[in-house]
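The next block holds one structure in the form of structure tokens; read it before the comments.
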Amino acid sequence: MLQSIAVTDADTHRAIDAVWRIESPRLIAGLTRIVRDVGLAEDLAQDALVAALEQWPESGVPENPGAWLMATAKHRAIDRLRRNERLDRKHEELGREALVQQEMAMTDPETFTKDDVGDDLLRLMFISCHPILAPEARVALTLRLISSLTTEEIARAFLVPAATIAQRIVRAKRTLTEARVPFEVPAGPELDVRLASVLQVIYLVFNEGYSATAGDDLLRTGLCEDALRLGRILAGLAPQEPEVHGLVALMEIQASRSRARVGPSGDIVLLLDQDRARWDALLIHRGLDALERAERLGGALGPYALQAAIGACHARARAAADTDWARIVALYDALAELTPSPVVELNRAVAVAMAFGPAAGLELIDGLAAEPSLKGYHLLPSARGDLLAKLGRAAEARPEFERAASLTQNARERELLLRRAAACAPGAPPSS
Amino acid sequence: MRFLLYTTADSTQPSAPPAPPSQLMMEELAKLTEDTRRSGVLLATGGLSPASTRVRNTAGKLTVTDGPFAETKELTGGFALIEAKSRDEAIEWARRFRKIVGDGDSLIQEVFGG
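If you're matching them up, the sequences are chains A and B in order. The first sequence begins at 1 in our numbering and counts up one residue at a time. The second sequence begins at 1 in our numbering and counts up one residue at a time.
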């Protein structure tokens with residue numbers, strides 16, 4: 001049944017675009033199950049989109065646009081297979097057509113249940129984040145297939161030419177086809193590895209958006225929302241996985257501070273200096289809920305949930321001075337045990353300084369000074385300078401801030417560090 | 001982009017009290033809510049009590065009045081706070097909602113800050 005509404009072509013095109021963004025992940029997922037090839041599935045979905053663009057301006061947007069797109073794409077699938085069959089009568093293709101017919105009967109758009117759709121979408125996520133692909137290819141493919149971003153949008157968000165992204169996506173799809181990656185939710189020990197890859201892709205997208213600054217393209221900062229949406233979708237599809245909720249919690253809590261971390265002139269405001277009234281209470285609430293879900297599932301917290309729990313300590317403190325630093329140190333202890341790294345040790349040292357005094361923290365940081373992987377890492381001299389300044393050793397703090405400023409890639413951060421260095425100069429007014 | 005979707009009732013237009021929602025409508029609404037949640041769009045949603053209270057400032061004088069108010073369009077029924085890629089996406093979700101609940105208005109406003 002078609003609904004007739006008086007709208008212009010431009011309105012219809014925008015409506016189709018909106019329907020497409022909502023429906024295409026499920027559409028591509030359902031089609032991949034049938035044709036067992038992500039690239040072909042996406043082509044078929046695009047065919048259906050073209051058909052919608054041709055027909056909907058005349059006919060109006062159908063009552064159930066998702067079902068319309070699916071039915072249209074399936075017909076295209078059969079057309080294509082018949083055409084291939086005429087070109088070369090391969091047994092494989094004949095067998096596949098039988099399979100498609102069977103699937104058509106089984107998956108009538110009106111009768112297939114939500115759970116099937118959800119399972120398909122989860123399988124598609126596992127495919128687009130498959131470790132066989134390079135991380136940047138996983139990111140591009142996931143944003144394209146699950147977030148329904150166009151190649152141009154992905155390119156603008158990641159500040160690379162559109163041709164690069166297009167090539168990345170084409171190659172990724174070819175790699176998946178050639179490797180005959182099965183369309184399934186992995187089981188057993190493989191599940192952990194594959195899930196870790198999905199979570200990593202989502203967090204990569206989030207961090208790319210989080211590192212964007214005020215003047216950047218909105219598409220770039222929009223990556224945070226894209227990542228959150230991916231995380232929330234995944235949490236609905238795999239609710240039994242604590243780390244999924246852990247990642248969602250981490251992203252919600254981090255995102256809750258995004259407005260407070262940029263000052264009026266675009267400068268970076270450090271966590272402890274942020275105006276907590278500007279934190280997004282709704283996202284904090286959602287983050288704490290997600291963390292609770294991760295904790296309720298039992299077992300030791302994973303790396304994402306631990307980081308979320310650290311963020312939650314800040315989120316729960318009404319003022320910076322109320323922060324439960326002893327608990328943060330304990331959480332960093334657990335994180336360091338799970339994912340030992342000099343960066344975690346550095347963060348732990350900073351927490352120790354807050355909990356037990358700058359001298360205790362400085363001792364730990366000095367132990368990291370020789371760490372080769374921290375050699376060019378600006379946060380090491382920056383943290384060391386901070387603790388020295390707190391101990392009243394301004395003359396030693398100043399070169400640390402200057403060194404940190406020379407190492408950071410971020411212009412806003414450099415300004416902040418140089419300001420702190422200047423405050424350590426002899427005769428400068430004492431900083432708070 | 002964050003949007004507030006809500007239904008309004010025009011209390012300047014006398015109308016019969018709304019019929020209680022049918023079982024089918026409730027099921028379809030539950031399905032749509034689940035759909036928005038699964039799509040990662042829904043941030044918060046809730047129903048609104050028809051009993052409203054107005055706090056008004058008239059030249060510095062504050063008055064508190066209990067509704068209903070004859071002269072205004074009141075926010076009534078329910079609301080959904082969603083995070084969508086665009087206003088068009090928010091419109092599409094509102095369209096799906098309106099199709100289920102039938103006659104009446106749904107309004108969509110972008111939420112800044114928050």
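Think of the CB as a built atom: it goes at the ideal place given N, C-alpha and C, for glycine as much as any other residue. Here the structure is a predicted model, which means the values were calculated and not measured.
The three-state secondary structure of residue 377 of chain A, taken from DSSP, is coil. Residue 393 of chain A is positioned such that its CB atom lies no closer than 8 Å to that of residue 365 of chain A.
Under the 10 Å beta carbon count, residue 410 of chain A is surrounded by fewer than 16 other beta carbons and is classified as exposed.
The CB of residue 43 of chain B comes closer than 8 Å to the CB of 282 and 286 in chain A, given here in chain order.
For residue 118 of chain A, the C-beta contacts it makes with chain B under 8 Å involve 38, in order along the chain. In this structure, the CA atom of residue 57 of chain A is about 8 Å from the CA atom of residue 13 of chain A. Comparing alpha carbon positions, the residue from A:34, A:38, A:187 and A:27 closest to residue 49 of chain A is A:27.
Judged by DSSP in its simplified three-state form, residue 142 of chain A adopts helix. Its chain contains 206, 248, 251, 252 and 255 as the residues whose beta carbon lies nearer than 8 Å to that of residue 228 of chain A, once the 5 sequence neighbours on both sides are disregarded; these appear in chain order. Fully contained in the segment 206-283 of chain A are the following alpha helix (DSSP H) runs of length 4 or more, in chain order: 218-237 and 242-255. Check the Cα spacing between residue 334 of chain A and each of A:237, A:359, A:303 and A:187: the tightest is with A:303. When beta bridges are read from the DSSP output, residue 55 of chain A appears opposite no residue.
Listed in chain order, the positions of the segment 229-260 of chain A with a beta carbon within less than 9 Å of a beta carbon of chain B are 229, 230, 231, 232, 233, 234, 235, 236, 237 and 259. For the set A:358, A:225 and A:39, the Cα lying nearest the Cα of residue 1 of chain B is the one of A:225. With 16 or more other Cβ atoms inside 10 Å of its own Cβ, residue 201 of chain A counts as buried. Judged by DSSP secondary structure, residue 366 of chain A falls within the alpha helix (DSSP H) whose first and last residues are 358-368. Using a Cβ-Cβ cut-off of 7 Å, residue 17 of chain A is close to 88 of chain B, given in chain order.
Three or more Cβ pairs closer than 8 Å define a contact, and the segment 121-138 of chain A meets that threshold against the segment 18-38 of chain A. Taking C-alpha positions only, residue 413 of chain A is separated from residue 45 of chain B by approximately 38 Å. Residue 61 of chain B has B:58 as its beta-bridge partners, per DSSP. Against chain A, the CB of residue 113 of chain B has a partner CB under 8 Å away; the residue lies at that interface. Scanning its chain for C-beta atoms nearer than 8 Å, with the 5 sequence neighbours on each side dropped, one finds around residue 263 of chain A the residues 269, in chain order.
For chain B, the residues of the segment 22-38 of chain A that bring a beta carbon within less than 8 Å of one of its beta carbons are 22, in chain order. For the options A:60, A:131, A:43 and A:59, the alpha carbon positioned closest to that of residue 75 of chain A is the one of A:43. If you draw a straight line from the Cα of residue 70 of chain A to the Cα of residue 151 of chain A, it comes to about 22 Å. Taking the CA atoms as reference points, residue 395 of chain A sits about 10 Å from residue 421 of chain A. According to the DSSP assignment, residue 170 of chain A belongs to no beta strand (DSSP E) but to the alpha helix (DSSP H) extending over 162-178. In chain order, 14, 15 and 18 make up the part of chain A whose C-beta sits under 9 Å from the C-beta of residue 91 of chain B. DSSP places residue 17 of chain A in the uninterrupted alpha helix (DSSP H) bounded by 9-35. Residue 32 of chain B and residue 23 of chain B have their alpha carbons spaced roughly 14 Å apart. For residue 108 of chain B, the enclosing beta strand (DSSP E) stretches over residues 105-111. Here the C-alpha atom of residue 221 of chain A lies approximately 8 Å from the C-alpha atom of residue 211 of chain A. At least one C-beta of chain A is nearer than 8 Å to the C-beta of residue 83 of chain B.
Within the segment 76-104 of chain B, no run of beta strand (DSSP E) reaches 3 residues while sitting entirely inside it.
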